[in-house]
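Protein chains in written order, with this note's numbering: chain A, 606 to 764; chain Z, -1 to 588.
Think of the CB as a built atom: it goes at the ideal place given N, C-alpha and C, for glycine as much as any other residue.
One structure is given below, encoded as structure tokens.
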Amino acid sequence: MAKVKLAESKINKIKEICTSFGNKPGEAINVLHKVQGEFGYLPAEVQEVIAQELNVSVAQIYGIVTFYSFFTMTPKGEFPISVCMGTACYVRGAEKVLDEFKRELKIGVGETTPDGKFSLNCLRCVGACGLAPVVLIGEKVYGRLTPDGVKDILNEYRS
Amino acid sequence: MEKINIIIDNKPLQVEKGQTVLKAAHAHGIEIPTLCYYELDGVKLENRPGGCRICVVEIEGRKNLAPACATEVAEGMVIHTCSLRVVNARRTVLELILSDHPADCLICPKNGKCELQSLAQRLGVREIPYQGEQSTYRKDLSPAIIRDVDKCVMCRRCETVCNIWQTVGALSAVNRGFQAVVAPAFEQDLVKSPCTYCGQCIMACPVGALSEVDQTRQVITAISDPKKTVVVQTAPAVRVALGEEFGMEPGNIVTGQMAAALRRIGFDYVFDTDFAADLTIMEEGTELLTRISKFTQGDKNVKLPILTSCCPGWVNFFETNYSDMLDVPSTAKSPQQMFGAVAKNYLTTKLGIKREDMVVVSIMPCVAKKFESQRDEFKENGNPDVDYSLTTRELAELIRQFNIDFKTLPSEDFDNPLGESTGAGVIFGATGGVIEAATRTAYELFTGKKLEKVDFTELRGLEGVREATVDFNGTPIKIGIAHGLSNARQLLDQVRKGNSGFHAIEVMACPGGCIGGAGQPFHHGNFDIIRKRQEAIYREDAGKPIRKSHENPYIQALYKEWLGEPCGEISHHLLHTHYFDKSKHIEIEG
């Protein structure tokens, strides 16, 4: 993880969010939720500012961030890829599709490609089981996907 | 207090309303086993996550077993603490905890003092029916504290102590499920965290997940080397607690036996940190009076209040959290380091030996002293003033290793010239003691009058924050005292705002002061032990023929022969120090 220097404007934005929740330690989860919505992820420097504002230890903020799978310390890619691992998609080969994405992008689940273009994640059921296995790239839905189709789809975004 | 009626194990009892089942049972002599629960009632500290489920009891009319630590008593409640169902459930819970716990008890630093081990004994566990994967994590070695979280049972006692009582915030539970551990932020090593090395996490840890760095081997090696002159010093709080390690009642004073034991272990000179405490008073007291007189003369650059600087956990805390106020604390070194400086500069000359041939060992009730002794500013060409700093527990370990029957030892005296001390030096071991010792000397130096009554009882006690005003012959001197870093924070925030009005503030990081230090025998949350050590400290003081530091004849001789005057040229170089900005900012490597 690279060291990120936070811009003054970003620090002020975080402080503003903390203030909107009364700087209460009990609101830590809500604050983290809102801040992640703003920045896309929660790097160490951001957690440090939140800890200071809410008057709790950075260790405890980090404890919350690592407890809930919703929170992430890795920035999402320009095109976030979500592979559905719900039951229907899973039995129809979602894992093989996921493996192909991993192989093509050379990253693991929860990671982002070095050029910042793609990030890879799993989710549980998007309610389109009829199209299983389903993959989302940004807002766009790809259904009945096979490992063979993965490369073509990625090429749509690579140019 | 309103009373209600309950029945525990067929015994009808009247208990306080609002109490937990655990406390109600305990108050009537019914002991329910616990693991994650931790309480220090004297300082109102409680860890009660209700997570381990060891303390489950059966309550009639309830479907599920209830954790006694987290269940309030209610009128008419019928409780069974040892029904078949409870006994079976408790054993299963313990077996599950043990299924992810290393079984290397024989070489564990907590062997024989581990709460999990005694639970396993008590519940008669002979095999662990649940086999499977065990969690593994890297060992984290710092200069004073070792984290070995493979042994962690996630009781979170350390987290509560670190965040609530100390407001240090070095440790927290992180991750979830099988990956869950207690760790610093971003799972970095302790050295990169805001840890002060106060060690209260070690005191709270029921198992061996947190322990102090053991230096007994190095000390034995030094003693075995005929070329080395090995000098030992013992802190005030050690003598009122060491006996506990050998089955003696808390509050026994074992000063004489301790000196005898150290001689039998083979130390060449057995000295006393209390002597250095008297020296600290001379320096710190003079500094206080100088600041007060400059202040009253209208000098705007002088900082008041003066803060004591004997406690290394406290020093680490203000360097990290109050780096904007580094000119406020006294520049006087702690007694441990003053002793080291005197031994390696004055005593070496007196004995005609080279600095490198002297090894200074300190016996401390403290874990942070290990860190302090390794600070670069306390070394000369890499050679430290204090080579090894052992805890009270490590000394007990040495005494056992050397096959010494502690209880039958005769009482012996310390060696001179660094072994003579006053009652003022002794009370350094309890909260309020340093400032009382300083007051005894400062009063006489300030007023030029003899102090009629040396006991300043208004400065004693166990309240987290105490305030008192002492009359210096018409000049009121306002004193603040805090033990526990959360309490210190309260006073420090006032000082930062500039409206505290104090002339002097004493801070000690541990509950009750050094007597409750993290290097002392484990009290397992029994605060009465700390109270008894405190009584013993004041008893030892009252029994001393001299009770004011400046009347110590060996201190007077040291100034005459070598130092000149307090806060003079030599003192400035050898007995005073400076502080560093250690405010932590997150540094992530990679």
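- Residue contact with chain A for L169/Z: present (Cβ-Cβ distance below 7 Å to some residue of chain A).
- About 4 Å separates the Cβ atoms of G682/A and F723/A, confirming a contact at the 8 Å cut-off.
- At least 7 Å separates the CB of Q657/A from every CB of chain Z.
- At a cut-off of 7 Å between beta-carbon atoms, N173/Z makes contact with chain A.
- Straight through space, the alpha carbons of K108/Z and D325/Z are spaced by roughly 40 Å.
- Sequence-distant partners of V468/Z (beyond 5 residues in either direction) whose C-beta falls short of 7 Å from its own C-beta, in its chain, are T437, F454, I475 and I477.
- Using a Cβ-Cβ cut-off of 7 Å, F578/Z is close to nothing in chain A; its nearest Cβ partner there is about 21 Å away.
- As computed with DSSP, G478/Z is found in a beta bridge with E465/Z and I503/Z.
- The CB of F672/A comes closer than 9 Å to the CB of A171, V172, N173, R174 and A178 in chain Z, given here in chain order.
- Among the residues of chain A, those whose CB is under 7 Å from the CB of F184/Z are A649 and Y667, following chain order.
- Each residue's CA atom was taken as its position, placing T718/A and I712/A some 6 Å apart.
- A25/Z and V13/Z do touch by the CB rule: their CB atoms are close to 7 Å apart, below 8 Å.
- For A534/Z, the enclosing alpha helix (DSSP H) covers residues F525 to A540.
- According to the DSSP secondary-structure assignment, N45/Z is paired through a beta bridge with Y36/Z.
- Per DSSP, the unbroken alpha helix (DSSP H) holding Y762/A starts and ends at V755 to R763.
- If you ignore the 5 residues before and after A440/Z, its C-beta comes within less than 7 Å of the C-beta of G283, L286 and L287, all in its own chain and listed in chain order.
- Three or more Cβ pairs closer than 8 Å define a contact, and the region 492 to 505 of chain Z falls short of that threshold against the region 218 to 234 of chain Z.
- Across the structure, V688/A and C730/A are spaced so that their CA atoms are roughly 9 Å apart.
- D276/Z is positioned such that its CB atom lies no closer than 7 Å to that of I527/Z.
- Taking the Cα of T79/Z as reference, the smallest distance to any Cα among V55/Z, P100/Z and V91/Z is reached at V55/Z.
- Counting only Cβ-Cβ distances below 9 Å, N161/Z has contacts in chain A at V661, S662, A664 and Q665, in chain order.
- Taking the Cα of A178/Z as reference, the smallest distance to any Cα among A733/A, D720/A, S625/A and T671/A is reached at T671/A.
- The beta-bridge partner set that DSSP reports for C80/Z is empty.
- Its Cα nearest to that of L611/A, the residue Q652/A stands out among G642/A, Q652/A, V636/A and V696/A.
- I144/Z is bridged by DSSP to L139/Z and S209/Z.
- Note that the C-beta distance between G254/Z and E93/Z is not below 7 Å.
- Residue A516/Z holds the alpha-carbon nearest to the alpha-carbon of S209/Z among V358/Z, A516/Z and I6/Z.
- By alpha-carbon distance to L572/Z, the top candidate from G472/Z, M336/Z, A239/Z and H522/Z is M336/Z.
- For a cut-off of 8 Å, the C-beta gap from E73/Z to N3/Z is around 6 Å, short enough to register as a contact.
- About 7 Å separates the Cβ atoms of R154/Z and C34/Z, confirming a contact at the 8 Å cut-off.
- Contact between the region 190 to 210 of chain Z and the region 162 to 179 of chain Z is present: three or more C-beta pairs spanning the two stretches fall below 8 Å.
- For the pair D148/Z and Y128/Z, the CB atoms are not nearer than the 7 Å cut-off.
- Excluding residues up to 5 positions away in sequence, T232, V236, L388 and L393 lie with their Cβ nearer than 6 Å to the Cβ of I361/Z in the same chain.
- One Cα belongs to G446/Z, the other to I535/Z, and the distance between them is close to 28 Å.
- Annotation: the continuous alpha helix (DSSP H) that includes Q488/Z extends over L483 to K495.
- Annotation: the continuous beta strand (DSSP E) that includes V230/Z extends over T227 to T232.
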